[in-house]
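Participant: Just add 24 to the spot in the sequence shown (first one is 1) and you have this note's numbering.
For each residue, glycine too, the CB sits at the ideal point set by N, CA and C.
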Amino acid sequence: MIVVRARQRSTGRWRSRGSLLLALSGILVLVSACGGTASPTPATASASGASSASSGATPRPTAWPGNAVVGIEALGVADGEIRRGIADFSQGVASEDLALMRRAADGLAGVDVLLSNADRIDIFSPMQPLAAELRVVLPAISGASEDLRTAIDAGDAEAIPTASARLAVALTAYAELQPTLAGFVLEAIEQRRLLVN
C-alpha cells in the first residue's frame, strides 16, 4: 500500500512510502501499448462498396450518409486530443508526475461528449461495429479520468493506482480502435467531395 506523505508543489510530484511508479508499474505496460501511433486501415474496401468497373469508368466510392461524414470528421478531430491525453498520461505515469497525470485526466474526462458522433456513424452499416465499441470505451475513459482526477485532488494513494489502471485499460481499448477510425477519417476526405458535388 502506498501512503502519500507530501506533495512538492513546484514539480507536481508526490513523495510516498514505496514508489508510486512501483504501484503503477503494471499500468506502464498498458500505457505503452496504447501510446503508439495508429496506422490507418483502409476503410475503402469495407465501407465504400465501390461501383462496378464493368463500364470502364473509374469506380467511385458509394456515398456515405451525410451524418456519417460529419460524425467521422468530428471523431477524427477529437482523436488528436485523445492522443495528446494518452501521451500526457503515459509521461505522467513514467515520471511519477501526478500533476501531468491530472492534466491528462482533466482533458480526457469529457470524451463521452463524443457519443453523439457514435450515433451519427451508426446509420452506416460498415461503421456500426466502430460505433458500438466507441459507446463502450468513451464512457470508460471519461469515468476513469474523472475518478483519477478526484483521487489525485484528494491525495488518495489507494485510489490513484486503481483509477490509473482503469484509465490505462480504457485507453488501450481505444488505441485498438484507432486504425479503423483513421481509415474512415482518410476516406472521409473523398466523401466530403461527394457530398458537395
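Can you look up D177 in the DSSP assignment and give me helix, strand or coil?
Facilitator: Here residue 177 is taken as the residue at index 153 of the sequence shown, counted from 1. Under the three-state reduction of DSSP output, D177 falls in the helix class.
Participant: What do you reckon, are the CB atoms on E173 and A129 nearer than 8 Å?
Facilitator: The residue labelled residue 173 in the question sits at position 149 within the sequence shown. The residue labelled residue 129 in the question sits at position 105 within the sequence shown. Glu is not the amino acid found at residue 173; the sequence shown has Arg there. Yes.
Participant: What whole-angstrom Cβ distance do L122 and I176 have, given they're in contact under 8 Å?
Facilitator: Along the sequence shown, read from residue 1 onward, the residue named residue 122 stands at position 98. Along the sequence shown, read from residue 1 onward, the residue named residue 176 stands at position 152. Contact holds; Cβ gap of about 5 Å.
Participant: Please classify D121: does DSSP put it in a helix, a strand, or coil?
Facilitator: In the sequence shown, counting from the first residue as 1, residue 121 sits at position 97. D121: strand per DSSP, three-state reduction.
Participant: Cutting at 6 Å between CB atoms, please list the residues of its own chain near L132, excluding the five before and the five after it.
Facilitator: In the sequence shown, counting from the first residue as 1, residue 132 sits at position 108. Only G109, I165 and S169 meet the Cβ criterion.
Participant: In three-state DSSP terms, what is E182?
Facilitator: For the purposes of this step, residue 182 is taken as the residue at position 158 of the sequence shown. Coil, per DSSP.
Participant: May I ask you to report which of helix, strand or coil DSSP gives A74?
Facilitator: Along the sequence shown, read from residue 1 onward, the residue named residue 74 stands at position 50. Confidence in A74 is poor, its pLDDT being 42 and thus under 50, which makes the residue's placement unreliable; the coordinate value appears in the next sentence. In this structure, A74 counts as coil in the three-state DSSP scheme.
Participant: From the DSSP output, in three-state form, read off F148 for me.
Facilitator: Numbered from 1 along the sequence shown, position 124 holds the residue referred to as residue 148. Residue state, collapsed to three classes: coil.
Participant: With a 10 Å radius around its C-beta and 16 neighbouring C-beta atoms as the bar for buried, classify Q152 as buried or exposed.
Facilitator: Against the sequence shown, residue 152 aligns to sequence position 128. Under this definition Q152 is an exposed residue.
Participant: Indicate whether L162 and L139 have their beta-carbon atoms separated by less than 8 Å.
Facilitator: To locate residue 162, count along the sequence shown from 1; it is residue 138. To locate residue 139, count along the sequence shown from 1; it is residue 115. Yes, they are a contact pair.
Participant: Could you check whether the region 95 to 109 touches the region 181 to 189, counting it as contact only if at least three pairs of C-beta atoms, one from each stretch, sit closer than 8 Å?
Facilitator: no
Participant: G100 by DSSP, collapsed to three states: which one?
Facilitator: Taking the first residue of the sequence shown as 1, we reach residue 100 at position 76. Reduced to three states, the DSSP call for G100 is helix.
Participant: Which value, in whole angstroms, describes the spacing of the CA atoms of L124 and A118?
Facilitator: Locating residue 124 in the sequence shown gives position 100, counting from the first residue. Locating residue 118 in the sequence shown gives position 94, counting from the first residue. Computed Cα separation, rounded: 10 Å.
Participant: By DSSP, does A133 sit in helix, in strand, or in coil?
Facilitator: Within the sequence shown, the letter at position 109 stands for residue 133. DSSP, read as helix, strand or coil, puts A133 in coil.
Participant: Pull up the distance between the alpha-carbon of P203 and that of R126, whole angstroms please.
Facilitator: Here residue 203 refers to the residue found at position 179 when the sequence shown is read from its first residue. Here residue 126 refers to the residue found at position 102 when the sequence shown is read from its first residue. If I take the Cα positions, the gap works out to 27 Å.
Participant: Quick one: using the 10 Å Cβ neighbour count with 16 as the cut-off for buried, is G104 buried or exposed?
Facilitator: On the sequence shown, residue 104 is found 80 positions in, with the first residue counted as 1. The residue is exposed, with fewer than 16 neighbouring Cβ atoms inside 10 Å.
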